[in-house]
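Going down the list, the protein sequences come from chains Y and U. This note's numbering numbers the first residue of the first sequence as 1 and each following residue consecutively. This note's numbering numbers the first residue of the second sequence as 1001 and each following residue consecutively. Note that beta-carbon positions come from the ideal geometry of N, C-alpha and C, so glycine has one too. Quick caveat: nothing in here was measured; it's all calculated off a predicted structure.
Protein chains: 2
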Amino acid sequence: MTTIQLYDATLRDGMQGEGMSLTADEKVRVVHKLDELGVDLVEAGFPSSNPKEAELFDLLARERFAHVDIAAFGMTRRRGVTADADEGLAVLAASFAPVCTIVGKTWALHLEKVVRVSAEENLAMIGESVAFLVAQGKRVVYDAEHFFDAYRADRDYALRCVAAAQGAGAETVVLCDTNGSSLPSQIATAAADVARVVERFGIHCHDDLECGVANTLAAVEQGAVQVQGTMNGIGERTGNANLISIIGNLQTKMGHAVLSAEQLGRLTETAHFVDELLNRVPDPQQPYVGRVAFAHKGGMHVAGVRADASTFEHMEPEAVGNERSLLVSELAGRATAAEKADALGLEVDAARVIDRVKELEHRGYQFEAADGSFELLLRKEAGVYEPLFRLESWRCIVEQRADGKVETEATIKIWVDGERYVRTAEGNGPVNALDRALRDALTEIHPHLRDLELVNFKVRILDETKGTGAVTRVLLDTSDGHDVWGSIGVNENVIAASWEALVDSLERAMQPARVRS
Amino acid sequence: MTTIQLYDATLRDGMQGEGMSLTADEKVRVVHKLDELGVDLVEAGFPSSNPKEAELFDLLARERFAHVDIAAFGMTRRRGVTADADEGLAVLAASFAPVCTIVGKTWALHLEKVVRVSAEENLAMIGESVAFLVAQGKRVVYDAEHFFDAYRADRDYALRCVAAAQGAGAETVVLCDTNGSSLPSQIATAAADVARVVERFGIHCHDDLECGVANTLAAVEQGAVQVQGTMNGIGERTGNANLISIIGNLQTKMGHAVLSAEQLGRLTETAHFVDELLNRVPDPQQPYVGRVAFAHKGGMHVAGVRADASTFEHMEPEAVGNERSLLVSELAGRATAAEKADALGLEVDAARVIDRVKELEHRGYQFEAADGSFELLLRKEAGVYEPLFRLESWRCIVEQRADGKVETEATIKIWVDGERYVRTAEGNGPVNALDRALRDALTEIHPHLRDLELVNFKVRILDETKGTGAVTRVLLDTSDGHDVWGSIGVNENVIAASWEALVDSLERAMQPARVRS
Chain Y
1 MTTIQLYDAT
11 LRDGMQGEGM
21 SLTADEKVRV
31 VHKLDELGVD
41 LVEAGFPSSN
51 PKEAELFDLL
61 ARERFAHVDI
71 AAFGMTRRRG
81 VTADADEGLA
91 VLAASFAPVC
101 TIVGKTWALH
111 LEKVVRVSAE
121 ENLAMIGESV
131 AFLVAQGKRV
141 VYDAEHFFDA
151 YRADRDYALR
161 CVAAAQGAGA
171 ETVVLCDTNG
181 SSLPSQIATA
191 AADVARVVER
201 FGIHCHDDLE
211 CGVANTLAAV
221 EQGAVQVQGT
231 MNGIGERTGN
241 ANLISIIGNL
251 QTKMGHAVLS
261 AEQLGRLTET
271 AHFVDELLNR
281 VPDPQQPYVG
291 RVAFAHKGGM
301 HVAGVRADAS
311 TFEHMEPEAV
321 GNERSLLVSE
331 LAGRATAAEK
341 ADALGLEVDA
351 ARVIDRVKEL
361 EHRGYQFEAA
371 DGSFELLLRK
381 EAGVYEPLFR
391 LESWRCIVEQ
401 RADGKVETEA
411 TIKIWVDGER
421 YVRTAEGNGP
431 VNALDRALRD
441 ALTEIHPHLR
451 DLELVNFKVR
461 ILDETKGTGA
471 VTRVLLDTSD
481 GHDVWGSIGV
491 NENVIAASWE
501 ALVDSLERAM
511 QPARVRS
Chain U
1001 MTTIQLYDAT
1011 LRDGMQGEGM
1021 SLTADEKVRV
1031 VHKLDELGVD
1041 LVEAGFPSSN
1051 PKEAELFDLL
1061 ARERFAHVDI
1071 AAFGMTRRRG
1081 VTADADEGLA
1091 VLAASFAPVC
1101 TIVGKTWALH
1111 LEKVVRVSAE
1121 ENLAMIGESV
1131 AFLVAQGKRV
1141 VYDAEHFFDA
1151 YRADRDYALR
1161 CVAAAQGAGA
1171 ETVVLCDTNG
1181 SSLPSQIATA
1191 AADVARVVER
1201 FGIHCHDDLE
1211 CGVANTLAAV
1221 EQGAVQVQGT
1231 MNGIGERTGN
1241 ANLISIIGNL
1251 QTKMGHAVLS
1261 AEQLGRLTET
1271 AHFVDELLNR
1281 VPDPQQPYVG
1291 RVAFAHKGGM
1301 HVAGVRADAS
1311 TFEHMEPEAV
1321 GNERSLLVSE
1331 LAGRATAAEK
1341 ADALGLEVDA
1351 ARVIDRVKEL
1361 EHRGYQFEAA
1371 DGSFELLLRK
1381 EAGVYEPLFR
1391 LESWRCIVEQ
1401 RADGKVETEA
1411 TIKIWVDGER
1421 YVRTAEGNGP
1431 VNALDRALRD
1441 ALTEIHPHLR
1451 DLELVNFKVR
1461 ILDETKGTGA
1471 VTRVLLDTSD
1481 GHDVWGSIGV
1491 NENVIAASWE
1501 ALVDSLERAM
1511 QPARVRS
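See below:
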């Protein structure tokens, strides 16, 4: 069976989505994650469309990847200039990227209304641009924009466009459903036709008809050897075809070994990693990788799964690094709590723990991302919890002074072993200042708290429609170098919620298991 | 062309999704909304599985619908009892619902591992149950559970099951991909086979492979005359097939007139209505009905849309009650800025505006959701911006006192027309307190600012991995009762970022257009 090439467009096409933006550093981290997953090609963007992209390519040039090849993205030459005189192509040629992906027109409607070039000139633009980059020693991926609309409008011309790209030496010619206007059956018909004209073709779909994944698979069934998509389907409008689901389907449903079993096991982690960087709440219902993608609620289902998982599941969740969850039907809930308590060597009344969790979740708490706070909850229930200190008071002052300077100062007053500690610290923000003041006091007694680092800080407004009166949920991730744990705070006051999460994160660090380790 | 029957399972199968729950009253409102949309059948649930369902059927019995028929949902008779002795079937027969949908087994694996009945007994259970309800004067929809898994395991037996249901008088036999384990090509093959055996068949899919919608359409292409789905695809695990997208595709892409043009215009409103009742944030990227489903960001795209919308859109957004939106972004062309400036009657150098936007977005600003701040930026560029006040300083104090009480107090010192205003206010959080103090001063001069309401408050940490040292982006939505606008602030200090957004939101409210209106 031909191997399918995985082409990720998250960093370029994906960034067209509303609110999508990553720093150059973050983009490099994404490429490493995609490299570990086993993606073949990563579209990084146009080398110098703006400072951020320029910075990104400088960084990428210095990185080494085990598997991934970087693709620089651009367009065919402008009309009326030779390829070697086109600035855009020159930038691509000069880039370190071994692969260049260029997009060109296929659809008469666009030639007339958008770029205003003749059909013949467009064919020349395609052929010469591809040939130029090939002559510069680049591997060229040619994206045939609006291929399917063009095919429906003028089959012969659409086929001439892709043939021109291949004739000029393109490694792969990609059929793009740019407007996301095609159905799987239309994709299949056109792709079968292309297969008669072109050696190696790929597919690039969007999700406007909620068929992005199915459209991609339809093309693969007709011989496409490259699938383009984005992590979790991020992208403009309704998004691009979701590469996560495409991988899952190719590998577990269609028998294409696109990844090793070990790489496939990273699918869930990779999907969540990208969401985290974008500060998107991972979709709990996302196919293959969602938190509840393998969850069961209906009583009959739960019974069935117990009898034989295959009765109600299309695959083993573990294969994609996900897990089965039986939703808080009392029973399932207790089992989970009991399991976690056992793992910590704690004796708890699981039923009471669940009641407590339900009550807290009703108030906006969420323990899935706050394992540290959940552990403290279990210890309290088990009666083995020891507070790190007794709080007298804390105060945080943030001011913008007359000279325009913003200053933050926090003061904490706490008691430890009958001793009173009063500390004040400045910070770049209220939480940072409170953290410094609190740890300034605590590290005198517990020096190792000095090594802790707050690695992640998330704020979510729970009932956003209540404006600033809404309840605020703060999630903190803390690391001691080996181990990372999450803590949570909920309060209508964002600073008070942050304080609560901060205290949990430090107390969790002091629990026996860690002190021993 | 055969008319396709729209069957909505939101109130029954949809409620299997995590966190999905509606009161009986709310469910009745949903049915009315579905009736207006033009849905044919609504699956309301099992008439007395619990008090809530019982109440629902009492209410529904008293309602009148223009178009919708209510379907009561149940199962085939238990093994070893006659159909007329089965309590479940008796409840269905007694229900006012003109339609009864019953689900039965098709898959040997389930017969062995879950229900433990013989293949022959199962056929009898199907036939006798359908026949009983038909004899009671019901129209019967038969759901063949796990049809596609069963078909792959034992084609002949699967076909005998659906034939048995039809033979006993079922109006429609529905092929259910219960585990969501099938791909469109598999659905097509099996459906084509069924079409040779059964008169009227329908399709019920889930989205586990992100192919729920495509699978449904694949069955329609093979002759399915009933499509089952849920509003926005809610449901267990990854959800059911999304009836909203199915309707959009059937009507606008496949030429099936399932709705009138006027009903199709209600698609967006209906989708959002259900989300609202379920207290779900509507997915802005949802196909057809999402807020940004027809948004454009890429500069080339924006230019194209302006030339001719069909160049970058698969349809007119208005046809489904949605609208086009152009996003401002570091990737966007000058055209967008120019258009927004025109709309405000401002003269700007679009190129300079874009450079400014790029520079700001590089620092973490994002104007897509902050149209208010973008308007102010345009006014500054046009030289017609007038600040609402001159800031001397602000200060915010948040403290948890020794008695445990959290208190927040803000003081602002500003100048307006040479007058100095010093105000202090308390609030339930820092932003709320600053807002009160600031407006306390400003409303003396601009009374109408009193009517403003902060309706939405979002906080994003931009480089989360920098922990509390990360840059914070605050988005505020403000309403004056008619109009809602977004404003943005970016600062490493969350309070300073909030202040910036707050000031923008008030200044935007003071701009000429609004004061006139």
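Consider the Cβ of residue i: report whether some Cβ of chain U lies at a distance smaller than 9 Å.
i        : result
Y/MET125 : no
Y/TRP499 : yes
Y/GLU386 : no
Y/GLY248 : yes
Y/ILE461 : yes
Y/GLY19  : yes
Y/PRO528 : A query on residue 528 of chain Y cannot be resolved here, the shown segment of chain Y reaching from 1 to 517 and no further.
Y/HIS362 : no
Measuring CB to CB, does residue i end up less than 9 Å from residue j?
i         : j         : result
U/GLU1252 : Y/LEU109  : The residue asked about is misnamed: residue 1252 of chain U is Thr in this sequence, not Glu. No, Cβ-Cβ distance for U/THR1252 and Y/LEU109 is not below 9 Å.
U/ALA1191 : U/ALA1219 : yes
Y/THR518  : Y/THR424  : What is shown of chain Y runs 1 to 517, which leaves residue 518 of chain Y out entirely.
U/GLN1005 : U/VAL1227 : yes
Y/VAL474  : Y/SER498  : yes
U/GLN1285 : Y/GLY239  : yes
Y/THR198  : Y/VAL173  : Going by the sequence as given, residue 198 of chain Y is Val instead of Thr. Against a cut-off of 9 Å, the Cβ pair of Y/VAL173 and Y/VAL198 comes out as a contact.
U/GLU1409 : U/ALA1433 : yes
Y/ASN322  : Y/LEU267  : yes
Within 9 Å of any Cβ in chain Y, is that where the Cβ of residue i sits?
i         : result
U/GLN1228 : no
U/ILE1004 : no
U/VAL1140 : no
U/GLY1372 : no
U/HIS1032 : no
U/ALA1251 : The identity of residue 1251 of chain U in the sequence shown is Gln, whereas the question assumes Ala. No, U/GLN1251 lies away from the interface with chain Y (no Cβ there is under 9 Å from its Cβ).
U/LYS1413 : yes
Indicate the three-state DSSP secondary structure (helix, strand or coil) for residue i in the structure shown.
i         : result
U/HIS1032 : helix
Y/LEU37   : helix
Y/ASN50   : coil
U/GLU1018 : coil
U/LEU1011 : coil
Y/LYS27   : helix
Y/VAL563  : In this structure chain Y extends from 1 to 517, so residue 563 of chain Y is not present and cannot be described.
U/LEU1449 : helix
U/GLN1285 : coil
Y/GLU330  : No answer about Y/GLU330 holds up, because its pLDDT of 38 lies below 50 and its placement is not dependable.
Y/THR465  : For Y/THR465, the predicted model reports a pLDDT of 44, less than 50, meaning its position is unreliable; a value from the coordinates is still stated below. Y/THR465 falls in the helix class under three-state DSSP.
Note down, in chain order, every chain U residue with its Cβ under 7 Å from the Cβ of residue i.
i        : result
Y/ASP207 : PRO1287
Y/ILE203 : Simply none; closest approach about 14 Å.
Y/SER393 : GLU1399, GLN1400, ARG1401, ALA1402
Y/SER487 : Chain U residues near Y/SER487: none, gap ~13 Å exceeds 7 Å.
Y/GLY180 : HIS1314
List the residues of chain U whose Cβ lies closer than 8 Å to the Cβ of residue i, in chain order.
i        : result
Y/SER245 : LEU1209, GLU1210
Y/LEU221 : The identity of residue 221 of chain Y in the sequence shown is Glu, whereas the question assumes Leu. Neighbours of Y/GLU221 on chain U, chain order: SER1185.
Y/CYS396 : ILE1397, VAL1398, GLU1399
Just to make sure I have the definition right: I need the residues of chain Y whose C-beta is within less than 8 Å of the C-beta of residue i. Which are they?
i         : result
U/SER1310 : LEU109
U/HIS1067 : Within 8 Å Cβ-Cβ: nothing; U/HIS1067 doesn't reach chain Y, min ~25 Å.
What residues of chain Y sit near residue i, judged by a beta carbon separation below 9 Å?
i         : result
U/LYS1340 : Within chain Y, no residue comes near U/LYS1340; the closest Cβ sits about 16 Å away, beyond 9 Å.
Please list, in chain order, the chain Y residues whose beta carbon lies closer than 7 Å to that of residue i.
i         : result
U/THR1518 : Outside the shown range of chain U (1001 to 1517) lies residue 1518 of chain U, about which nothing can therefore be said.
- Which full runs of the beta strand (DSSP E) of 3+ residues lie inside the stretch 56 to 125 of chain Y, going along the chain? 69 to 75, 99 to 104
- Item | Runs of beta strand (DSSP E) lying entirely within the stretch 1336 to 1406 of chain U, each at least 3 residues, in chain order | 1390 to 1400
- Message: To test your reading of the DSSP string, which unbroken beta strand (DSSP E) runs of 3 or more residues are found completely within the stretch 1172 to 1250 of chain U?
- Response: 1172 to 1176, 1201 to 1204, 1226 to 1229
- Query: For the stretch 1471 to 1512 of chain U, which segments carrying the alpha helix (DSSP H) assignment without a break, of at least 4 residues, lie completely within its bounds, in sequence order?
  - Reply: 1494 to 1509
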